[in-house]
Structures are given as C-alpha cells and as structure tokens.
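Trainee: What follows is a single structure, and I will ask about it in a moment.
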Amino acid sequence: MTFASLGLSTPLLRAVGDKGYETPSPIQLQAIPAVLSGRDIMAAAQTGTGKTAGFTLPLLQRLSEGCHCARPWSLVVLRSIRR
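Residue numbers for the sequence shown follow my numbering, so the first one is 3 and each next one is one higher.
Encoded structure:
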C-alpha cells in the first residue's frame, strides 16, 4: 500500500514524499483511514513506528478541509446574579 491509497490529500502526499517516506507503517495503515473517517482511535506501537504521523497527517487534512461537524457547536454561559 501507499500513502496515496490511504486517501491523503495531494499537499500532504507531497510533504510525506519530500521527507523521504514511501510506504506507510502498519500503525499508519490502520490509523490514517480511521482518523480520516472521523473515528476515535487508541493505538500502541513501538517507538519510531510512525504513530505521530499516523494521527497527525489525517488531522491536518481534516483541518484543511474545514469542519464537517455532525452537529454545530453550542456554548452555554451561566452567570449568577446576586442582589
């Protein structure tokens, strides 16, 4: 498999290629599609296996695409008024 087959955008694929990475690691193969689809993940792998890129690359892509939130954000501010 390649990074392109995981659904990453062209700018991210270029950045990955510029850094010399050609094929995703096993943890990246599992994490990238999951994060791109909006699922939460919890992963464990040995140091140096690409965990950080496994969740950072798809997060960067989602941020660059804008928010496609299932529900809008809301904020409730409560303030007590003393008399």
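Ideal Cβ placement from N, Cα and C applies to all residues, glycine included. The model shown is predicted, which means the values in this text are computed figures rather than measured ones.
Starting from the Cα of Arg-7, find the closest Cα among Gln-48, Ser-66, Gln-30 and give me that residue.
Mentor: Residue 7 is actually Ser in this sequence, not Arg. Selected option, being the one with the closest Cα: Gln-30.
Trainee: Quick check on the DSSP output: the alpha helix (DSSP H) that includes Ala-33 runs from which residue to which?
Mentor: Note, Ala-33: alpha helix (DSSP H), 28-38.
Trainee: Look at the alpha carbon of Val-1 and the alpha carbon of Met-3, and state the distance between them as a whole number of angstroms.
Mentor: The chain is shown only over 3 to 85; residue 1 falls outside these bounds and no answer can be derived.
Trainee: Just the C-alpha distance for Gly-52 and Ser-27, rounded to the nearest angstrom, thanks.
Mentor: Whole-angstrom Cα-Cα distance: 7 Å.
Trainee: With distances taken between CB atoms, is the gap from Leu-1 to Leu-14 smaller than 9 Å?
Mentor: Given that the chain is displayed from residue 3 to residue 85, the structure contains no residue 1 and the question cannot be resolved.
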